[in-house]
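The structure under discussion appears below in the form of structure tokens.
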Amino acid sequence: MRYVIVFLFILGFLFRLWFIKLVPQFFVFDQVQYHDYAQRILQYPFFSDSIRPYGYSMMIALIYRVFGTGEIYWKVIQALFDTGTAFLVFLIAKKLMTYGPAYIAYILYLFNPYTSAYVGVLLTEVLAIFLTTLVFYLLLRYLEKRSLLLISVLGLLLAYLVEVKPIFMAFTVTILVLMIFLIRRMAKTWRIQILNAGLLILFYFLPFSYNIIGNLKYWGQPALLNVDSAFLQNFYVSMFIERSYPVTSNKWKPHAVEVNKAFEDFAPNYDRKQAGLRDQKYYGLIIKKIREDPVKIIRVSAAKMWYIWEKNYLFPYDIGPTNSRVDFLVYWSNIGILISAIIGFALWMKSQRRGHKKYILFGSMILFFIIYLTVFHAVSSGEERYTLPAYSLIFIFTGFSIWILIKKLPYRILLKFLNG
């Protein structure tokens, strides 16, 4: 059985390296900024970008330091990360269910094109997916058996996830509060409670020390994240972009003048003397835009809650040769995966009894994460990649749904045959 898992792992890894060669992507936009940030981290101690979090660029800087700056190195590492996510999917599914659905979920994730396409681009998605899945796996382990090591590692990972995807800040704080609540309930003495909660909080804030030191050193501000507000920029931009498409898609439309101006004004390392005036200006523009047509703002934001779950394409910049059959398959396969996951999640939650409170709590965490992603990205550019960090969890319940179908289908066929 172990050999099968390893063999499939190797196949999944090779599949990713092959898949990203089908449609090579442009090295543009965010990728250039992450690359430049990684280079500066290597050149200047504790360098802190004004708007980009350091988490992803720190990983890229480490790859550059160890292996060099060639694209092949970070692509191979990202392929390992995404294949590693598949193994975590297997481990979580095995704990929650049985080997049957675990293998199905493992295979589904190993050979899924949706996350594999991002192995070939210098974007945060692959690392964010891996970290999110690892956090949920360790949370499951923590619910089963608590230890100081688990608490410490979870604290670090929750904070580092924010450094990769700042939009996860409120989510990680919620998990932090929940864990402190569990510590209060489960620890036998108040000394153990204080020790566990103290370690969790200490290790959660430890990764932010890089920001504080870097922001003080280069910008003269002790900010916990970045000195510029990415949320302010994204909120403003979201009111002009109803949904985003790759630049080679026939649905792509050039950004409005206001959007390009916002990207320019919030460019990394913007003049600090003007930053305060800029922020005041954009707060005013946001309020003005909302007052002009609040109904449209609400409608567009609500629509994005669905758009981000759609998958009209696989690759983020160049979609490759157009093919209506492939487009149909990409879109409706994703819909099928989502529907199967919803059914699988509902059936799994229903199957849990009172004695499985920890699993019900774990399922509630997953549901909260899905809702969180949906709501918080309503004020964004509405890119389909924003929901990818949840797809490892989605494939777990898709696997369970397929497993239930496989178990019941033969009986239905037999009954139909017997009934004539």
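Residue 1318 is where the sequence shown starts when you use my numbering, and the numbers rise one by one after that. The beta-carbon is built from N, C-alpha and C at its ideal position, and this holds for glycine as well.
{"Query": "Hey, isoleucine 1368 and proline 1585: beta-carbon distance below 9 Å or not?", "Result": "yes"}
{"Query": "To which residues of the same chain is glycine 1737 closer than 6 Å at the C-beta, ignoring the five residues directly before and after it?", "Result": "Because glycine 1737 carries a pLDDT of 48, less than 50, the predicted location of this residue cannot be relied on, and no value is offered for it."}
{"Query": "Report the rounded CA-to-CA distance for proline 1370 versus tryptophan 1536, giving the unit in angstroms.", "Result": "14 Å"}
{"Query": "Should serine 1668 be labelled buried (16 or more other beta-carbon atoms within 10 Å of its own) or exposed?", "Result": "exposed"}
{"Query": "Quick check: the Cα distance between leucine 1397 and isoleucine 1327, rounded to an integer number of angstroms?", "Result": "9 Å"}
{"Query": "Out of Met1682, Pro1638, Ile1723, Lys1534, point me to the one whose CA is closest to tyrosine 1361's CA.", "Result": "Lys1534"}
{"Query": "Given 8 Å as the limit, is there contact between the segment 1706-1718 and the segment 1427-1445, that is, 3 or more CB pairs closer than that?", "Result": "yes"}
{"Query": "Go through its chain and collect everything with a Cβ distance to phenylalanine 1488's Cβ below 6 Å, but skip five positions before and after it.", "Result": "Tyr1689"}
{"Query": "At what residue ranges does the segment 1645-1715 contain a whole run of the alpha helix (DSSP H), taking only runs of 4 or more?", "Result": "1674-1693"}
{"Query": "CB phenylalanine 1548 to CB histidine 1572, shorter than 9 Å?", "Result": "no"}
{"Query": "What is the DSSP secondary structure of isoleucine 1345, reduced to helix, strand or coil?", "Result": "Here residue 1345 is valine; the residue named in the question, isoleucine, does not match the sequence. It is coil, neither helix nor strand."}
{"Query": "CA-CA distance, serine 1657 and serine 1718?", "Result": "6 Å"}
{"Query": "Would you identify the three-state DSSP class for leucine 1542, choosing helix, strand or coil?", "Result": "coil"}
{"Query": "Count the CB pairs spanning the segment 1338-1351 and the segment 1626-1642 that are closer than 8 Å, and state whether there are at least three.", "Result": "yes"}
{"Query": "With DSSP run on the structure shown, which of helix, strand or coil describes asparagine 1429?", "Result": "coil"}
{"Query": "When DSSP labels each residue in this structure, what does valine 1326 get in the three-state scheme?", "Result": "Just to set this straight, residue 1326 is phenylalanine in the shown sequence, not valine. DSSP places phenylalanine 1326 in helix when its eight states are reduced to three."}
{"Query": "Report the three-state DSSP secondary structure of glycine 1737 (helix, strand or coil).", "Result": "Bear in mind that a pLDDT of 48 at glycine 1737, under 50, signals an unreliable position, so the model cannot answer this."}
{"Query": "With burial defined as no fewer than 16 other Cβ atoms inside 10 Å of the residue's Cβ, what is the status of threonine 1441: buried or exposed?", "Result": "buried"}
{"Query": "With a Cβ-Cβ cutoff of 9 Å, do alanine 1514 and isoleucine 1529 count as a contact?", "Result": "no"}
{"Query": "Is glutamate 1581 near tyrosine 1553, with beta carbons less than 9 Å apart?", "Result": "no"}
{"Query": "May I have the straight-line CA-CA distance separating lysine 1285 from tyrosine 1676, to the nearest angstrom?", "Result": "One cannot answer for residue 1285 here, as it falls past the ends of the chain, which runs 1318 to 1737."}
{"Query": "In this structure, does DSSP put leucine 1440 in helix, strand or coil?", "Result": "coil"}
{"Query": "Classify leucine 1722 as buried or exposed, calling it buried when 16 or more other Cβ atoms lie within 10 Å of its own Cβ.", "Result": "exposed"}
{"Query": "Have a look at Glu1480, Ile1500, Val1443 and flag the residue whose alpha-carbon is nearest the alpha-carbon of leucine 1467.", "Result": "Ile1500"}
{"Query": "With 16 other CB atoms within 10 Å as the buried threshold, where does phenylalanine 1482 fall?", "Result": "Per the sequence presented here, residue 1482 reads as lysine, with phenylalanine not at that position. Label assigned to lysine 1482: buried."}
{"Query": "Flag this pair as yes or no: are the beta carbons of tryptophan 1649 and glutamate 1701 separated by less than 9 Å?", "Result": "no"}
{"Query": "Apart from the five residues on each side of it in sequence, which residues of its chain come closer than 7 Å, Cβ to Cβ, to tryptophan 1391?", "Result": "Ile1377, Ile1380, Leu1439"}
{"Query": "Which runs of the alpha helix (DSSP H) at least 4 residues long sit entirely within the segment 1448-1498? Give them in chain order.", "Result": "1465-1481"}
{"Query": "Determine the contact status of glycine 1699 and tyrosine 1624, defining contact as a CB-CB distance below 9 Å.", "Result": "yes"}
{"Query": "Would you tell me roughly how many angstroms separate the C-alpha atoms of leucine 1542 and glycine 1417, rounded to the nearest one?", "Result": "43 Å"}
{"Query": "For tyrosine 1454 and methionine 1318, I'd like the C-alpha separation in whole angstroms.", "Result": "21 Å"}
{"Query": "With phenylalanine 1330 and threonine 1400 assumed to form a contact (beta carbons below 8 Å), what rounded beta-carbon distance in angstroms separates them?", "Result": "4 Å"}
{"Query": "Under the rule that 16 or more other beta-carbon atoms within 10 Å means buried, what is proline 1638, buried or exposed?", "Result": "exposed"}
{"Query": "One question on the structure: do tyrosine 1423 and alanine 1410 come within less than 9 Å of each other, judged by their Cβ atoms?", "Result": "yes"}
{"Query": "If you follow the alpha helix (DSSP H) that phenylalanine 1632 is in, where does it begin and where does it stop?", "Result": "From DSSP, phenylalanine 1632 is part of no alpha helix (DSSP H); its letter is neither H nor E."}
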